[in-house]
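Enquirer: Before we start, here is the structure in question, set down as structure tokens.
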Amino acid sequence: AELRVAKAELRVAKAKLGFTEGELEKAKQKGDHVAVAEAKVAVAEAKLRVTEGKLEQAMQSGDQAEVAKQEAAVAKQEAAVAEAKGLKDTVKAGLDRAIRG
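In terms of the working numbering, the sequence shown is residues 2 to 102.
Here is the structure:
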């Protein structure tokens with residue numbers, strides 16, 4: 002039963018990822034750099050949730066090799082979230098300077 006819940010949560014996370022990737026594309030088409038940076042953070046966070054869902058599934062299945070693989074993937078995705086947030090802050094700071102300057 003828990004494995005079914007984990008699979009359902011993973012499907013929801015993947016659906017949200019698809020939506021945020023769509024939002025990123027819209028922002029890119031508008032050429033709004035701040036919106037693109039914010040969307041990149043949202044996509045990275047959504048990918049993290051998907052990866053965490055895969056980890057949860059692996060833990061419930063008892064597959065230790067898959068657990069180790071997904072733990073590494075979670076750590077890598079957490080770094081990607083931090084990087085995206087840093088980029089967003091840089092873009093916003095540059096925009097603020099451009100407005101004030």
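Glycine residues also receive a C-beta, built at the ideal position from the N, C-alpha and C atoms.
As the structure is a prediction and not an experimental result, all values here were calculated from the model.
Leaving out the 5 sequence neighbours to the left and right, which residues in its chain are closer than 8 Å to L96 when beta-carbon positions are compared?
Expert: Position 95 of the sequence shown, counting from 1, holds the residue named residue 96. Excluding residues within five positions, the ones whose Cβ falls inside 8 Å are H34, V35.
Enquirer: By a C-beta neighbour count over all protein chains shown, 10 Å radius and 16 as the cutoff for buried, is V51 buried or exposed?
Expert: Counted from its first residue, the sequence shown places residue 51 at position 50. V51 should be labelled buried.
Enquirer: Beta carbon of A85, beta carbon of K41: below 8 Å?
Expert: Residue mapping note: residue 85 aligns to position 84 of the sequence shown, counting from 1. Residue mapping note: residue 41 aligns to position 40 of the sequence shown, counting from 1. Using a Cβ distance threshold of 8 Å, A85 and K41 count as a contacting pair.
Enquirer: Looking only at its own chain, which residues have a Cβ that is under 7 Å from the Cβ of E79, when we skip the five neighbours before and after it?
Expert: Residue numbering aside, residue 79 sits at position 78 when the sequence shown is read from its first letter. Close CB contacts of E79 within its chain, under the 7 Å cut and outside five residues either way in sequence, are with L49 (chain order).
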